[in-house]
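Visitor: Mind having a look at this structure? Questions to follow.
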Amino acid sequence: MNGTEFQRRVWAACRMIPAGKVVTYAEMAQFLDCGSPRAIGQALRRNPDAPATPCHRIISSKLSPGGYSGEEAGPELEKKLTLLAGEGVVFRDGQLSEIQRLWQFPRD
DNA sequence: GGAAATATATGAT
DNA sequence: ATCATATATTTCC
158 MNGTEFQRRV WAACRMIPAG KVVTYAEMAQ FLDCGSPRAI GQALRRNPDA
208 PATPCHRIIS SKLSPGGYSG EEAGPELEKK LTLLAGEGVV FRDGQLSEIQ
258 RLWQFPRD
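When you read off a place in the first sequence, starting at 1, and then add 157, the result is the number in this note's numbering.
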């Protein structure tokens with residue numbers, strides 16, 4: 158089995174995010190009933206199925222890209238931004254260009 | 001079992 | 001804007 162139960166939950170949530178949209182760590186934490194978005198980052202950074210799990214659709218609550226592959230900034234982060242751009246999500250001045258790209262988990 | 005580390009968030013300075 | 005604290009989970013020793 159891969160990772161712990163918590164990680165599986167985080168990755169599953171990632172896979173339910175539609176393309177062209179992004180979700181904040183806080184939103185996912187709330188959806189998973191987790192009181193700390195930090196745990197989300199920990200699970201995402203150790204994701205065993207990087208291409209299968211759209212972990213690049215997770216951003217910070219300030220609409221900033223956040224980080225990627227264990228680095229808050231670097232070539233990997235740029236790759237994440239490029240991937241998002243390919244899905245229609247564009248960042249401007251370190252923040253999400255269009256707020257409508259923000260997605261949230263179904264609360265019902 | 002305990003300490004260190006982390007892709008954050010929030011409050012204070 | 002920057003620093004310090006809080007919180008949850010993982011990984012290393």
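Every residue gets a Cβ at the ideal spot worked out from N, C-alpha and C, and that includes glycine.
Could you please give the first and the last residue of the uninterrupted alpha helix (DSSP H) stretch that includes L234?
Guide: Residue numbering aside, residue 234 sits at position 77 when the first sequence is read from its first letter. Taken as a continuous stretch (DSSP letters only), the alpha helix (DSSP H) holding L234 covers 232-243.
Visitor: For P194 and W168, I'd like the C-alpha separation in whole angstroms.
Guide: What you label residue 194 is simply residue 37 of the first sequence in a count that begins at 1. What you label residue 168 is simply residue 11 of the first sequence in a count that begins at 1. If you take the alpha carbons of P194 and W168, they lie about 14 angstroms apart.
Visitor: Please classify E184: is it buried, with 16 or more other beta-carbons within 10 angstroms of its beta-carbon, or exposed?
Guide: As a working mapping, residue 184 is identified with position 27 in the first sequence. So E184 counts as buried.
Visitor: Measure how close the beta-carbons of R203 and Q164 come, nearest whole angstrom, since I'm counting them as under 8 angstroms.
Guide: Within the first sequence, numbered from 1, the residue matching residue 203 stands at position 46. Within the first sequence, numbered from 1, the residue matching residue 164 stands at position 7. Correct: roughly 7 angstroms between the Cβ atoms.
Visitor: Suppose the cutoff is 8 angstroms on Cβ atoms and the five residues either side in sequence are ignored; what does the same chain contact list for V179 look like?
Guide: Against the first sequence, residue 179 aligns to sequence position 22. Cβ neighbours of V179 beyond the five flanking positions: R214, I215, I216, L241, V246, L253, R258, L259, W260.
Visitor: Please go through the same chain and pick out, in chain order, the residues whose beta-carbon is closer than 6 angstroms to the beta-carbon of R166, but skip the five residues on each side of it.
Guide: To locate residue 166, count along the first sequence from 1; it is residue 9. Cβ neighbours of R166 beyond the five flanking positions: L189.
Visitor: Under the rule that 16 or more other beta-carbon atoms within 10 Å means buried, what is P222, buried or exposed?
Guide: Counting from 1 along the first sequence, the entry for residue 222 is found at position 65. Per the 10 Å Cβ criterion, buried.
Visitor: Out of curiosity, what's the CA-to-CA distance linking D206 and C191?
Guide: Residue numbering aside, residue 206 sits at position 49 when the first sequence is read from its first letter. Residue numbering aside, residue 191 sits at position 34 when the first sequence is read from its first letter. Approximately 22 angstroms between the Cα atoms of the pair.
Visitor: When DSSP labels each residue in this structure, what does E228 get in the three-state scheme?
Guide: To locate residue 228, count along the first sequence from 1; it is residue 71. Here E228 sits in strand by DSSP.
Visitor: Would you identify the three-state DSSP class for V167, choosing helix, strand or coil?
Guide: Along the first sequence, read from residue 1 onward, the residue named residue 167 stands at position 10. Helix at V167.
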